[in-house]
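Residue numbers (the working numbering), protein chains in the order written: chain V, 1 to 407; chain S, 1001 to 1407. As structure tokens, the structure follows; a few thoughts come after it.
There are 2 protein chains.
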Amino acid sequence: MNVSPLTPASFPDLPAIRGVRLTTARCGMKYQSRDDLMAMLIDPGSHVAGVFTKSDTAAAAVRWSRERCRNSTARAIITNAGNANAFTGEQGMQDVVTLCTGFAAHIGAKGEDVLIASTGVIGEPLDCALITAEFETLAKTDDAGWLAAANAIRTTDTFAKGAGMACEIDGVAVQLCGIAKGSGMIAPNMATMLGYIATDAAIAPDALQALLVSATNKSFNAITVDSDTSTSDSVFLVATGAAGNAEIGRADDPRINEFRAALDNVMQDLATQIVRDGEGASKLITIDITGARDESSAHKIAMSVANSPLVKTAIAGEDANWGRVVMAVGKAGQSIDQSCLTIAMGGVTIAKDGGRIAGFDETPLAAHMAGDNILIEARVGDGPGAARVWTCDLTYGYIRINADYRS
Amino acid sequence: MNVSPLTPASFPDLPAIRGVRLTTARCGMKYQSRDDLMAMLIDPGSHVAGVFTKSDTAAAAVRWSRERCRNSTARAIITNAGNANAFTGEQGMQDVVTLCTGFAAHIGAKGEDVLIASTGVIGEPLDCALITAEFETLAKTDDAGWLAAANAIRTTDTFAKGAGMACEIDGVAVQLCGIAKGSGMIAPNMATMLGYIATDAAIAPDALQALLVSATNKSFNAITVDSDTSTSDSVFLVATGAAGNAEIGRADDPRINEFRAALDNVMQDLATQIVRDGEGASKLITIDITGARDESSAHKIAMSVANSPLVKTAIAGEDANWGRVVMAVGKAGQSIDQSCLTIAMGGVTIAKDGGRIAGFDETPLAAHMAGDNILIEARVGDGPGAARVWTCDLTYGYIRINADYRS
Chain V
1 MNVSPLTPAS
11 FPDLPAIRGV
21 RLTTARCGMK
31 YQSRDDLMAM
41 LIDPGSHVAG
51 VFTKSDTAAA
61 AVRWSRERCR
71 NSTARAIITN
81 AGNANAFTGE
91 QGMQDVVTLC
101 TGFAAHIGAK
111 GEDVLIASTG
121 VIGEPLDCAL
131 ITAEFETLAK
141 TDDAGWLAAA
151 NAIRTTDTFA
161 KGAGMACEID
171 GVAVQLCGIA
181 KGSGMIAPNM
191 ATMLGYIATD
201 AAIAPDALQA
211 LLVSATNKSF
221 NAITVDSDTS
231 TSDSVFLVAT
241 GAAGNAEIGR
251 ADDPRINEFR
261 AALDNVMQDL
271 ATQIVRDGEG
281 ASKLITIDIT
291 GARDESSAHK
301 IAMSVANSPL
311 VKTAIAGEDA
321 NWGRVVMAVG
331 KAGQSIDQSC
341 LTIAMGGVTI
351 AKDGGRIAGF
361 DETPLAAHMA
371 GDNILIEARV
381 GDGPGAARVW
391 TCDLTYGYIR
401 INADYRS
Chain S
1001 MNVSPLTPAS
1011 FPDLPAIRGV
1021 RLTTARCGMK
1031 YQSRDDLMAM
1041 LIDPGSHVAG
1051 VFTKSDTAAA
1061 AVRWSRERCR
1071 NSTARAIITN
1081 AGNANAFTGE
1091 QGMQDVVTLC
1101 TGFAAHIGAK
1111 GEDVLIASTG
1121 VIGEPLDCAL
1131 ITAEFETLAK
1141 TDDAGWLAAA
1151 NAIRTTDTFA
1161 KGAGMACEID
1171 GVAVQLCGIA
1181 KGSGMIAPNM
1191 ATMLGYIATD
1201 AAIAPDALQA
1211 LLVSATNKSF
1221 NAITVDSDTS
1231 TSDSVFLVAT
1241 GAAGNAEIGR
1251 ADDPRINEFR
1261 AALDNVMQDL
1271 ATQIVRDGEG
1281 ASKLITIDIT
1291 GARDESSAHK
1301 IAMSVANSPL
1311 VKTAIAGEDA
1321 NWGRVVMAVG
1331 KAGQSIDQSC
1341 LTIAMGGVTI
1351 AKDGGRIAGF
1361 DETPLAAHMA
1371 GDNILIEARV
1381 GDGPGAARVW
1391 TCDLTYGYIR
1401 INADYRS
């Protein structure tokens, strides 16, 4: 497998989070030469929040975890890479019950306190025995660390994805670390997006869930590789409380301003790593929309630009084809007034007030378009709505990877 | 330019429509070696209906024609290929006025009775003088026929698109002919979708408009190449009344049942020709959704499948990857129950009631997937809603054409 040209220089040095243990094992369901199972073991008293795919064809694991997550009392999250157990009917849900209750017995927990995520091919029955045979290893081994965990959840990912930050809550030092997988947004066969973030901060369940939803909207929900949505996308946020701060009860508590910013930062870092690993990606594209009616409208316009195959192929060709940006803004259905539209690429304003700037010369843009990081900005009116999303270009590599993936 | 492998064997033999004259000329704005201007000259007393792009960044020609079309009294529709006059601000609208009033003077009509369509690059000022210099030719020459007209409106099209049918209204023989252009849906630089259909039937303005809207929803609005929407898409339907039938006042008049079917047929023929000429297309894909809540819901699910890059690349790879169809149905946001989902490809049922058919063998599907015409069917529930849409596969050719188109 070729490694993405946008791979970060190295996996970050991430400390263990007190109250969380990461273990891995090899069941060989699809990948024979590396670990393909990961468990995040969580100390009692921790709280767990989750955000899941909105797909109507959500996989069995998603339906289980979404429901059980509401208790916020999970003691483990287990993950297998190689089979998504999606669109597998009643048997698929029975397999989830078998796995979660089975693993619970190994760690002295209740079945409902084990969450699960599965990633891989859709529609194939799961061979549970391969996984349960590794439960003893997953339950008992020492902490394997974030890099090993990030590697065990990979499918088509060309690099392991991790990010972390330290900050303070009320004068108490807390850590925040996470890993993710995903390389299309989202290739349903195997490039499901999964994220696992853990902190030793003490945060109450409702506040934790609110923080996760907000950060997801600005990170994993603000990226797109190909507009497709997986049946298995799941993001988990675990707060163990081991840092010893006084438990935070509300997401808008000013004492966690710094923590909130760190969480946004870690999740945006992970999300843009997924885009950097987008199938065939050669450039990371940042799209900033301002002046929209509201944030939701700005987000829709930004996603319309980010998902436009014509915009994405133009960037692959290093062409500052701003006319395609005009088209993509126009088709978003947000009733903008084109006579107020301003478009810039690489910080250079190209069009203003509904028309190209007189005598505009594209030459200075050539160096920007030849680079790895492309910036597209559009001001669509005088409203307060702004949104930033990330995508990658659309290249021959995307076709190569996806036109004959399963076979 | 390579010709699409899905090009029809020949352009159909289309008769002239009494009351309509088609002329062409060469202004050389972009294409030097062929005609690039087309006029449809319409006898007084005819009625004209139009349907236009919903883009917020609609081109000047669209804004003019949409408004003037309401009178239903147009005497000409002029078209230039090579410059879309889109996102050109105030000057762009002044240029439209110059062209329409200028041409009106050559045919003894009012400026408001000349409609216009422009296709080509976005954001470049139009050189009106090149076009007006050819007005005498466009106004005075003999009928050039449908093929010459279809060729003059081409941009990235690799073949001329025409279709026609004869039928009867109330025992009177009437003709229906049309041409179209478009090869992405829609590459805004030049692959705008334009359609011109003419009949000698006598049909009142409101009925004509209703017939056009209905037929467009089942044809041009039911195709997609890359989910992008042009700033210039326009479809015109002219009814001259020269056939001599008693004028039809209502679109649901049973006397035009046959005509209505013929119109749907001609427009679907033109629409699928556009898909066959989709940038890089190697296969025509028909998607049939049944069992949805209503027709609109079925259409949304069908378009979600048709616009999925993962479905389209799988078909390019001749892979019957039905899991990607499950994903695309699921992401459409139509609240379907996956346990009721049935999926077939090439007429072979693959999955039923939420899971793959036990012991399903893909081997018989290989011949279908290797062919030019791919059929995907999904039954998503027990509702009455059904929709059919067409798309093409996503290939290296699409990237090649679009990654470096403008330069």
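Don't be surprised by glycine CBs; every beta carbon is placed ideally from N, CA and C.
Check	Outcome
Whole-angstrom distance between K1312 of chain S and G1397 of chain S, CA atom to CA atom	13 Å
Inside the region 165 to 222 of chain V only - alpha helix (DSSP H) runs reaching at least 4 residues	205 to 217
Distance, S72 of chain V Cα to R1388 of chain S Cα	44 Å
Alpha-carbon to alpha-carbon, I1077 of chain S and E1168 of chain S	26 Å
Residue environment, R469 of chain V, which counts as buried when at least 16 other CB atoms sit within 10 Å	Here chain V comprises residues numbered 1 to 407, so residue 469 of chain V is not present and cannot be evaluated.
Chain V residues whose Cβ lies nearer than 8 Å to that of V1326 of chain S	T57, A86, F87, I122, G123, P188, T231
Whole-Å CB distance - G50 of chain V paired with S234 of chain V, under 8 Å assumed	6 Å
Residue-level contact to chain V via CB, G1383 of chain S, 8 Å cutoff	no
Contact with chain S by S183 of chain V, beta-carbon distance below 8 Å	no
Within 8 Å, strictly: CB atoms of G1028 of chain S and L1099 of chain S	no
Partner residues on chain V for L1394 of chain S, Cβ-Cβ distance less than 7 Å	I399
Partner residues on chain S for I203 of chain V, Cβ-Cβ distance less than 9 Å	Ordered by position in chain S, no residue passes the 9 Å Cβ test against I203 of chain V, which lies about 31 Å from the chain.
Segment contact flag, the region 114 to 134 of chain V with the region 57 to 76 of chain V, C-beta cutoff 8 Å, min 3 pairs	yes
Test: L310 of chain V CB closer than 8 Å to a CB of chain S	yes
Near-chain V residues of the region 1330 to 1347 of chain S (beta-carbon distance less than 8 Å), N- to C-terminal order	G1330, K1331, A1332, G1333, Q1334, S1335, I1336, D1337, Q1338, S1339, L1341
Identity of the residues DSSP links to M1038 of chain S by a beta bridge	S:T1024, S:T1079
In DSSP terms, what N373 of chain V is bridged to	V:L284
Exposed unless 16 or more other CB atoms sit within 10 angstroms - verdict on S1308 of chain S	buried
Span of the alpha helix (DSSP H), counted from its first residue to its last, around T1137 of chain S	1135 to 1140
Three CB pairs or more closer than 8 Å across the region 344 to 355 of chain V and the region 248 to 266 of chain V	no
Where T313 of chain V meets chain S, residues with beta-carbon distance less than 7 Å	I1399, N1402, A1403
Between the CA atoms of A242 of chain V and G249 of chain V - distance to the nearest angstrom	16 Å
Which listed residue (V:A204, V:N221, V:T342) has its alpha carbon closest to that of V238 of chain V	V:A204
Buried versus exposed, by CB contacts within 10 Å (16 or more), I186 of chain V	Residue placement at I186 of chain V is flagged as unreliable, the pLDDT there being 46, under the threshold of 50; the coordinate-derived value follows with that caveat. That one is buried.
Exposed unless 16 or more other CB atoms sit within 10 angstroms - verdict on S297 of chain V	buried
From V:A210, V:A332, V:F360, residue whose alpha carbon lies closest to that of F236 of chain V	V:A210
Cβ-Cβ separation, V1380 of chain S to A1292 of chain S (assumed contact under 8 Å), whole Å	5 Å
Close beta carbons around A109 of chain V, own chain, < 6 Å, minus the five adjacent residues each side	R75
Helix, strand or coil at S118 of chain V according to DSSP, with G and I counted as helix	strand
I153 of chain V to S1282 of chain S span [Cα, whole Å]	36 Å
Beta strand (DSSP E) segment containing T1391 of chain S, residue limits	1385 to 1392
Chain-ordered neighbours of G1359 of chain S on chain B, where CB pairs are closer than 9 Å	Here the protein chains are V and S, and chain B is not one of them.
Touch test, the region 1272 to 1291 of chain S against the region 1360 to 1368 of chain S, Cβ-Cβ under 8 Å, three pairs minimum	no
Residue from S:E1377, S:C1392, S:A1025 whose Cα sits closest to the Cα of T1132 of chain S	S:A1025
Where I1153 of chain S sits in the DSSP three-state scheme	coil
Close beta carbons around D319 of chain V, own chain, < 8 Å, minus the five adjacent residues each side	M369
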